[in-house]
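K.L.:
Mapping of the sequence shown onto our numbering: residues 152 to 416, in sequence order.
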Amino acid sequence: MYKRVRAHHLRLMKTQRTPITMLTAYDALTARIFDAAGTDMLLVGDSYGNVMLNYGSTVPVCLEEMVTATRSVAGAVTRAFVVADLPFGSYEESPALAVRSAVKLIKAGAAAVKLEGGRRQQDKIAAVTAAGIPVVAHIGFTPQSENALGGPRVQGRGEEAERLYADALAVQEAGAVAVVLELVPSPVAAQITSRLEIPTIGIGAGNQCDGQVLVWSDMAGMTDRVPSFVKIFGEVGKALLAAAKDYNEAVRSRAFPDENHSFQK
Ligand code: KIV
Numbered sequence: 152m153y154k155r156v157r158a159h160h161l162r163l164m165k166t167q168r169t170p171i172t173m174l175t176a177y178d179a180l181t182a183r184i185f186d187a188a189g190t191d192m193l194l195v196g197d198s199y200g201n202v203m204l205n206y207g208s209t210v211p212v213c214l215e216e217m218v219t220a221t222r223s224v225a226g227a228v229t230r231a232f233v234v235a236d237l238p239f240g241s242y243e244e245s246p247a248l249a250v251r252s253a254v255k256l257i258k259a260g261a262a263a264v265k266l267e268g269g270r271r272q273q274d275k276i277a278a279v280t281a282a283g284i285p286v287v288a289h290i291g292f293t294p295q296s297e298n299a300l301g302g303p304r305v306q307g308r309g310e311e312a313e314r315l316y317a318d319a320l321a322v323q324e325a326g327a328v329a330v331v332l333e334l335v336p337s338p339v340a341a342q343i344t345s346r347l348e349i350p351t352i353g354i355g356a357g358n359q360c361d362g363q364v365l366v367w368s369d370m371a372g373m374t375d376r377v378p379s380f381v382k383i384f385g386e387v388g389k390a391l392l393a394a395a396k397d398y399n400e401a402v403r404s405r406a407f408p409d410e411n412h413s414f415q416k
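(1) Taking the C-alpha atoms as reference points, what is the distance between Q306 and D236?
(2) From this set, L320, I284, T280, which residue's C-alpha is nearest I290's C-alpha?
(3) Taking the beta carbon of Q342 as the centre, do at least 16 other beta carbons fall within 10 Å, making it buried, or is it exposed?
(4) Once the 5 residues before and after V228 are set aside, which same chain residues still bring their CB inside 7 Å of it?
(5) Compute every distance between the C-beta of D178 and the non-hydrogen atoms of ligand 1, then say whether any falls below 6 Å.
(6) Taking 6 Å as the cut-off, is the CB of G196 close to at least one heavy atom of ligand 1?
(7) Take the Cβ of L180 as the centre, count every other Cβ of all protein chains shown within 10 Å, and call the residue buried at 16 or more, exposed below.
(8) So who's on the other strand from Q363, going by DSSP bridges?
(9) Please classify E410: does DSSP put it in a helix, a strand, or coil?
(10) Am I right that V218 and A263 are in contact with their C-beta atoms under 8 Å? What's the rounded C-beta distance?
(11) Taking Cβ positions, are M173 and V335 nearer each other than 7 Å?
(12) Give me the Cβ distance between L214 and K255, rounded to the nearest whole Å; I'm assuming they're in contact under 8 Å.
(13) Quick one: residues in its chain with C-beta nearer than 8 Å to the C-beta of Y206, no 5 flanking neighbours on either side, listed in chain order?
(14) With DSSP run on the structure shown, which of helix, strand or coil describes F292?
(15) Short of 8 Å in beta carbon distance, which residues of its chain neighbour A299, apart from the five on each side in sequence? Order them along the chain.
(16) If I measure Cβ to Cβ from S198 and keep anything under 7 Å in the same chain, skipping five residues before and after, which residues do I get?
(17) Would you mind stating whether V195 and S368 have Cβ atoms separated by less than 7 Å?
(18) Beta-carbon within less than 6 Å of F384's beta-carbon, same chain only, minus the 5 sequence neighbours each way: which residues are those?
(19) Taking K382 as part of the alpha helix (DSSP H), name the residues at either end of that continuous run.
(20) Can A325 and V279 be called in contact, C-beta distance under 7 Å?
(21) Taking the alpha-carbon positions, what's the S345 to D397 distance?
(22) Output the boundary residues of the alpha helix (DSSP H) element that contains F185.
(23) Residues in its own chain within less than 7 Å of A401 by CB, not counting five upstream and five downstream?
Dropping the structure here:
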C-alpha cells in the first residue's frame, strides 16, 4: 500500500497486476471515509450533477461547481489520488481552454483531471499533460455526449471494437496516465487492457480491467434504481432513513434530548 498514491504508482500497479480501486466523492464527509477505507483513487466526477445537484445529467455542471467539490474532497484526503472531471464546455473548444480549466481544478487540490473522448481529444490531453497536469481519459460511453450517443448504451461492439482501441491508443500516445472504459463489452475491455501500457479503469466493462470505478451513491445503496452492472455493497440509504425516522420519533415524543444530552446548569 502506497502512503500517498501518485500518478506513477498507477502504471506500477498495472505491471504488478494489483487492481486499482476508485470511487466517486463529491464532499469532504464521504471523501474522508473512502480514503480511510484505502480507496486508491477518488473521482470528483461530474456525476456530481446527477447525484448531488439533482440536474438529471452531467451536461449542466459548470467548472465553478467542480472547483468547489474538488476543494472539499482534496482537503479531506491523505492517501488517495484525487482526479477531478473537466465538465462539459470547459475543454472541447481548444487545448488552451483545456489547460486553463485544468489549472483551476489542480489549484483546488486535484492531483489529475479527467476528460471525455478519444482521438478527438488527443490535442487537449497533450496540452494539459505538457502543462504538468496528469490526465485520465474516458472512452466508451461518455456521459457528456449522451445526446449524440443516444443515451447510456454499450460501446465498442463488433466492428466498433477496433475504433475503441484506436481511441485508447490515441489517449495513451497523448500522455494520459490512465483511461476509464465505460459500458464496454468485457472481452473488448480485456483486449484493450492487455494491449495498453497505461491502466484501464472499468465501469460496466468487466473484471479484466486494471481497476474499477463506481459512483459511490450507487454502490452504497443510496438510490432506488442502479444500472445493471452496479453491485450494492451496503444499504447506507436504508440505514440513514432509519436513523432519521428514529430521530423524528424521539423529538416528537420528547425522548430526545434526555438528561445525558442536555445541560442541567
Ligand atoms: O462522473 C463520473 O462519475 C464518471 C464515472 C462514471 C467514471 O465519470
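Even glycine gets a Cβ: it sits at the ideal position worked out from N, Cα and C.
As the structure is a computational prediction, the values presented were derived from the model and not from experiment.
P.N.:
On the basis of the data shown:
(1) 21 Å
(2) L320
(3) buried
(4) A182, D186, L193
(5) no
(6) yes
(7) exposed
(8) T172, G353
(9) helix
(10) Wrong, their Cβ atoms sit about 15 Å apart, outside the cutoff.
(11) no
(12) 6 Å
(13) G200, V212
(14) coil
(15) none
(16) T175, T209, V366
(17) no
(18) M370
(19) Here K382 belongs to no alpha helix (DSSP H), and DSSP marks it neither H nor E.
(20) no
(21) 51 Å
(22) 179-187
(23) F407
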